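A quick write-up on the structure given underneath.
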Amino acid sequence: RYVPPEVIALRVPLLNLSNFQINDWPDVSAKSYAIMVLILPTDGTRKWREHELELVDVVADQVAVALSHAAILEESMRARKQLTEQNDALDLAWREAEMAIHARNDFLAVVNHEMRTPMHAIIALSSLLLETELTPEERLMIETALKSSNLLETLVNDVLDLSRLEDDNLELDIERFNLHGVFREVMNLVQPVASVKKLSMTLILSPDLPVYAVGDENRLLQTILNVAGNAVKFTKQGYISITASVAKSESSRDWQPPEFYPASTDGYFYLRVQVKDSGCGVLPEDIPHLFTKFSQPRNGSNRINNGAGLGLAICKRFINTMGGHIWIESEGIDRGSIVAFIVQLGMCDNHSDTTTHQVQMPPKGQANYGSGDLIGHKPAFRDCFGVTSSNARYQRSL
Numbered sequence: 078r079y080v081p082p083e084v085i086a087l088r089v090p091l092l093n094l095s096n097f098q099i100n101d102w103p104d105v106s107a108k109s110y111a112i113m114v115l116i117l118p119t120d121g122t123r124k125w126r127e128h129e130l131e132l133v134d135v136v137a138d139q140v141a142v143a144l145s146h147a148a149i150l151e152e153s154m155r156a157r158k159q160l161t162e163q164n165d166a167l168d169l170a171w172r173e174a175e176m177a178i179h180a181r182n183d184f185l186a187v188v189n190h191e192m193r194t195p196m197h198a199i200i201a202l203s204s205l206l207l208e209t210e211l212t213p214e215e216r217l218m219i220e221t222a223l224k225s226s227n228l229l230e231t232l233v234n235d236v237l238d239l240s241r242l243e244d245d246n247l248e249l250d251i252e253r254f255n256l257h258g259v260f261r262e263v264m265n266l267v268q269p270v271a272s273v274k275k276l277s278m279t280l281i282l283s284p285d286l287p288v289y290a291v292g293d294e295n296r297l298l299q300t301i302l303n304v305a306g307n308a309v310k311f312t313k314q315g316y317i318s319i320t321a322s323v324a325k326s327e328s329s330r331d332w333q334p335p336e337f338y339p340a341s342t343d344g345y346f347y348l349r350v351q352v353k354d355s356g357c358g359v360l361p362e363d364i365p366h367l368f369t370k371f372s373q374p375r376n377g378s379n380r381i382n383n384g385a386g387l388g389l390a391i392c393k394r395f396i397n398t399m400g401g402h403i404w405i406e407s408e409g410i411d412r413g414s415i416v417a418f419i420v421q422l423g424m425c426d427n428h429s430d431t432t433t434h435q436v437q438m439p440p441k442g443q444a445n446y447g448s449g450d451l452i453g454h455k456p457a458f459r460d461c462f463g464v465t466s467s468n469a470r471y472q473r474s475l
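Our numbering puts the first residue of the sequence shown at 78, with every later residue one more than the last.
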């Protein structure tokens, strides 16, 4: 209809007609909804009626709600846009970090490979020189060079292992292996160094310890070597003892033991290894920090030939990967220490002859992770100059 110029039109959004008590309102259903238009004069002489004030009050409430919803929607859209931008930035940063990690690992692998050849030549030739006629001064210099080369080799290997562990790029090589042979190999590698320091070294294998097991032989060997090597390194006089047994749930000596020890019928058992020494010991408050990378105990004056502080950190990562845990006990400085760990290994049938069994060689190009008995295993060394030594000395992390 025609609207006179002295009035204004106001559109009201979808109101329930039953909310207003108006006598001259058209007959409509109580359930009906309509779009209402309020026409008011503009001269200001007209007085507001009660039902008009009620209408304005309802409209004001709905407008306030609509404005509130609009503000919430606007804020939600702004937050969603900001979150999307942040997610995109995080994805980009994550991809860049992965690329940097891969580049770092590739670089470390190349450096490790390139350093091994000259380093092994230095170690081997220094070992051969020690077997010749030397003056005391010459022997001291060669022993220093050999010791420094071994420390450098250990550091390079530890950094590479730690890089792989942090990148979650280390996979366990699960194979059947000679468990007793692993401990005998540890003795073959560690005992010569202990003999030089005039240390007594013993190995005790529990009668219930299976001869064969299923697991990662190399990682287990490396872990035991790291722990035993530390014991030899930080013991000036006295003894080192290595004890291996099957962990029992009733063992009161195990700190934080696993919640469940599977029975033999489950196909698994827990190997418990303990390395005890009479060395310099460690302060109780320093024990929690020993498994942190690049961490050294504060009693530095009592420790000689300190490494980079990576050995125990790597051991802890290896043991966690193998479903176990490691801990240290010590009563203080010059009181010795005990390093013990538990790992989960698979069970397998033992051979009737544990000393003269056949070893099946792997295909060409693959590493040999068989279960060969390692008693008296002393491989000959031949360097790039053709010099051969039948009693070459080598070590992993001493």
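Just so it is clear, CB atoms sit at the ideal spot from N, CA and C, and this is done for glycine as well. Since this is a predicted model, take the numbers as computed values, not measurements.
Residue pairing of D354 in beta bridges, as defined by DSSP: I317 and S414. Contact between the stretch 146-164 and the stretch 188-198 is absent, with fewer than three C-beta pairs closer than 8 angstroms.
Rounded to the nearest whole angstrom, the C-alpha separation of L282 and A177 is 45 angstroms. Rounded to whole angstroms, the gap between the alpha carbons of I301 and D165 is 45 angstroms. Just so you know, the alpha carbons of Y316 and G358 end up roughly 13 angstroms apart. Less than 8 angstroms divides the Cβ of F260 from the Cβ of I319.
In the DSSP secondary-structure assignment, W404 is bridged to A417. A contact is defined here as three or more CB-CB pairs under 8 angstroms, and the stretch 251-270 fails this definition with respect to the stretch 208-222.
Closest in alpha carbon position to N189, among N234, L150, I149 and A201, is N234. Straight across, the Cα-Cα distance linking V273 with A390 is about 27 angstroms. In the three-state reduction of the DSSP assignment, L276 falls in the coil class. L298 and S153 have their C-alpha atoms some 57 angstroms from each other. With a cutoff of 8 angstroms on beta-carbon distance, D354 and S414 are scored as near each other. A residue is called buried once 16 or more other Cβ atoms fall within 10 Å of its Cβ, and F184, having fewer, is exposed.
By the Cβ-count criterion, Q314 is exposed, with fewer than 16 other Cβ atoms from all chains shown falling within 10 Å of its own Cβ. Collapsing the DSSP output to three states places S145 in a helix.
When DSSP states are grouped into helix, strand and coil, V323 belongs to the strand group. Taking C-beta separations shorter than 8 angstroms and ignoring five residues to either side along the sequence, the partners of M264 in its chain run M278, L280 and I319, following chain order. DSSP places R126 outside both helix and strand once states are collapsed to three, so it counts as coil. Residue nearest to S322 within the set E262, A417 and G409 is A417 (criterion: CA-CA distance).
The shortest CA-to-CA distance from E220 to any of N182, D250, V270 and L249 is the one to V270.
Assignment of M154 by DSSP, reduced to helix, strand and coil, places it in the helix class. Burial is judged here by how many other beta carbons sit within 10 angstroms of a residue's own beta carbon; V267 has at least 16 and is buried.
In this chain, the beta strand (DSSP E) harbouring F254 covers E252 to N255. Distance from the CA of N303 to the CA of L207, rounded to the nearest whole angstrom, comes to 25 angstroms. About 28 angstroms separates the beta carbon of F311 from that of L422, a gap too long to meet the 8 angstroms contact definition. Rounded to the nearest angstrom, the gap between the Cα atoms of L144 and E127 is 26 angstroms. Going by beta carbons, Y289 and C392 fall outside the 8 angstroms limit. Partner residues in the beta bridge of I281, as assigned by DSSP, are T320. The beta carbon of S203 sits closer than 6 angstroms to those of I219, A222 and L223, all from its chain and outside the five residues before and after it, given in chain order.
The bridge partners DSSP lists for V263 come to none.
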